[in-house]
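As numbered in the UniProt record's numbering, residues 1 to 564 make up the sequence shown, in order. We put the beta carbon where it would ideally sit given N, CA and C, even for glycine.
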Amino acid sequence: MRRTIGSMLLAASALAAPAHADTLVDNIKGETIAPDGTLQSFAAFLFDDSGVIKTVYRPGDKLPKPGRKGYQFHIDGKGRVLLPGLIDAHGHVMQTGYALLTLDLSETTSLSDALARIKAFAAAHPDRPWIIGSGWNQERWGLGRFPTAAELDSAVGDRPVWLERADYHAGWANSAAFKAAGITASTPTPEGGAIERLADGRPAGVLVDKAQGLVDKAVPPPTPRDDDLALTTAEADLARRGVTGIADMGTSTRDWMTFRRAGDANRLYLRIMAYAAGTDTMAEIAGPGPTPWLYADRLRMGGVKLFLDGALGSRGAWLKAPYADKPDTHGLSLLSETQLGNLMSRAAMDGFQVAVHAIGDKANGVLLTTIEDLSHTYHGDRRWRVEHAQIIDPADWPLVTRIAANGGIVASMQPVHQTSDRLMAEARLGPDRLKGAYAWASLKQAGAVLAFGSDTPVELPDPWTGIAVALTRQDASGAPAGGWRPEERVDSLTALAGYTSAAAYAGFAETRFGRIAPGLRADFILVDTDPMTASPEAIRKTHVLQTWIGGGKVYDAESPAGGK
């Protein structure tokens, strides 16, 4: 291939001299979602030297010829399936990179397994002042409780250890970490958080939601070089999975600086729709309004991410009724209704898109009511985003419908959460609250736009598993038979749109990427499976053969290096 990501970025830069160098991609089975939601097939397309699609050719159309008046470069698809580059509608870019560079406990099956891996990792990295990691889940261990600092001390006692839960809504610390952070029996519990305590009041080992900050502030911050490596690592991992764009939920100022360094150095190829970590960060990064698209549509700060509650796994999700398996709690409200309205208004008045994390039915009900109230003040195309929307009281469906007709609403959901959480959700909620759980079809019917993602690194950023789950509501083993609440499955068009055109729409990017169409960026992937006709089992096993962003190849499974 003559085109590379480096040459593409050079051509796209402001200093590059004008050139006429069109590329024809043909001999493909092309599929994209049309603006009306139907499937559009195509046989070839032409893109220019800036990585913008000029013409899309349907089967039977006459193709241009090579030469000065036709095309100068040629990509032979070898008869394979070509799709738009996939978009993860909710992820965390820097955390994804760091999860791949630090201790990963996501595959551990028991507490003893986790402790053994922690001990081995610490022994392999004697120079690290802190042992940092993530991915543990006491539900997968069958533990029935949170792990303790004493148990962690048995694996590593000579230096601080801080391990974030799989959902990043709780953290597990050893005694050295508590000492370094100055956390004792007299430390007050932060509002919007929880400290698991022993009978004498000392911290037991796990901190939930806003209490995590007590340890976070004591952890030595990464260096810019560390951040650059984490971004490069995340980009490579996403590219090999066919992901060309992502909504980065909770972008910090440091994250933004990392993205800008990469863009300035022509190293940023992933498309990042950034949502600031709160309104203060939003104002610090973007000032009076959303930034323009930067680096040939690779980066924009267009919105803000707010947290209304926690997660089900740590019982931080805010429920209307008590938890079925812990009746003394309704979960956590991280913002009052007044605070939520004020923060959303602060962002909306300056034209920022608002995305709010809401998992429990109480959180979703409060959020929907707040959105409807704000819609009377902030008119036009707002595309209010509900991140996760995991548990919604069916009595609140009419709110979704009214918002959809007045400003628009996006349900940003993660299909794999449904299979990962199924048994835990049943235990947390009991049978009576499951009707509104992970209710993709109902939300779509109510008028919400479904945008699908992974919440990476909470789940692997694997869109193929996500599509298969969206179609079946079954895990990799086929459980449960017939699917869990199968009436909430979606069809293949909705599933593919959720990872392409709808995910772009969710970030106000539908005129830039997300489809194969004239005027949009040439982001595409070649794969060995047709998601429109293959079985869900085959879709799970899809292999991405090549990934292209803006007309530049960023991943090639057939190259000796297996990548860029």
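Please list the terminal residues of the continuous beta strand (DSSP E) segment that includes residue i.
i, result
"TYR555", "552-556"
"VAL243", "243-251"
"GLY303", "299-307"
"HIS90", "86-91"
"MET273", "271-277"
Taking the beta carbon of residue i as the centre, do at least 16 other beta carbons fall within 10 Å, making it buried, or is it exposed?
i, result
"ASP421", "buried"
"ARG58", "exposed"
"PRO515", "One point to set straight first is that residue 515 is Arg, not Pro, in the sequence displayed. So ARG515 ends up on the buried side."
"GLN445", "exposed"
"LEU198", "exposed"
"THR223", "exposed"
"LYS65", "exposed"
"ALA123", "exposed"
"GLY365", "buried"
"ASP373", "exposed"
"THR32", "buried"
"ASP491", "exposed"
"THR210", "Going by the sequence as given, residue 210 is Lys instead of Thr. Flag for LYS210 reads buried."
"LEU39", "exposed"
"GLU537", "exposed"
"ARG165", "buried"
"MET301", "buried"
"HIS169", "buried"
"HIS376", "exposed"
"PRO160", "buried"
"MET282", "buried"
"LYS362", "buried"
So, using beta-carbon positions, are residue i and residue j closer together than 7 Å?
i, j, result
"GLY245", "ARG261", "no"
"ALA194", "PRO457", "no"
"THR370", "LEU340", "yes"
"HIS74", "LEU143", "no"
"GLY313", "LEU332", "no"
"residue 610", "TRP130", "Examination of residue 610 is not possible in this model, given that the chain is present from 1 through 564 alone."
"VAL449", "ALA389", "no"
"ARG382", "VAL410", "no"
"ALA427", "ASP325", "yes"
"VAL354", "VAL416", "no"
"ILE525", "GLY242", "yes"
"GLY85", "ASP523", "yes"
"GLY360", "ILE403", "no"
"GLY97", "ALA274", "no"
"ALA234", "VAL93", "yes"
"GLY351", "GLY453", "no"
Roughly how many angstroms separate the alpha carbons of residue i and residue j, rounded to a whole number?
i, j, result
"VAL81", "TRP141", "40 Å"
"TRP256", "ASP61", "44 Å"
"PRO461", "ALA239", "10 Å"
"PRO322", "GLY430", "10 Å"
"GLY552", "SER50", "10 Å"
"ASP393", "ARG128", "47 Å"
"residue 594", "THR108", "Residue 594 cannot be examined here, being either before or after the span of the chain that is shown, 1 to 564."
"ARG385", "ALA506", "8 Å"
"THR500", "ARG117", "37 Å"
"PHE508", "ALA557", "31 Å"
"LEU299", "PHE259", "8 Å"
"ARG68", "THR529", "35 Å"
"ALA405", "GLY380", "10 Å"
"LEU83", "ASP328", "49 Å"
"GLU139", "PRO221", "30 Å"
Looking only at C-alpha atoms, which of the options sits nearest to residue i?
i, options, result
"GLY79", "THR96, ASP26, PRO59", "ASP26"
"LEU115", "SER134, GLU107, LEU520, GLU151", "GLU151"
"SER477", "LEU526, ARG540, GLU107, LEU24", "ARG540"
"GLU387", "GLY316, ALA358, ALA405, VAL366", "ALA358"
"GLY278", "ARG315, PRO222, LEU343", "LEU343"
"LEU368", "PRO398, THR377, ARG346", "PRO398"
"LEU319", "MET301, LEU434, ARG241", "LEU434"
"ASP216", "ILE183, THR232, LEU231", "ILE183"
"ALA21", "ILE53, ALA43, THR38, LEU39", "ILE53"
"ASP296", "LEU268, GLU284, ILE285", "First, the residue type needs correcting, since residue 296 is Ala and not Asp in the sequence shown. Of the candidates LEU268, GLU284, ILE285, the one whose C-alpha sits nearest the C-alpha of ALA296 is LEU268."
"THR102", "PHE121, HIS92, GLY85", "PHE121"
"ALA395", "ILE28, ARG473, ALA437", "ALA437"
"LEU423", "ALA204, ASP153, PHE47, TRP484", "TRP484"
Starting from residue i, trace the alpha helix (DSSP H) in both directions and tell me its first and last residue.
i, result
"THR109", "Element bounds for THR109: n/a, residue is neither H nor E."
"LEU343", "337-348"
"LEU294", "Taken as a continuous stretch (DSSP letters only), LEU294 belongs to no alpha helix (DSSP H), as it is neither H nor E."
"HIS417", "415-429"
"THR370", "361-375"
"THR494", "492-498"
"ARG402", "397-404"
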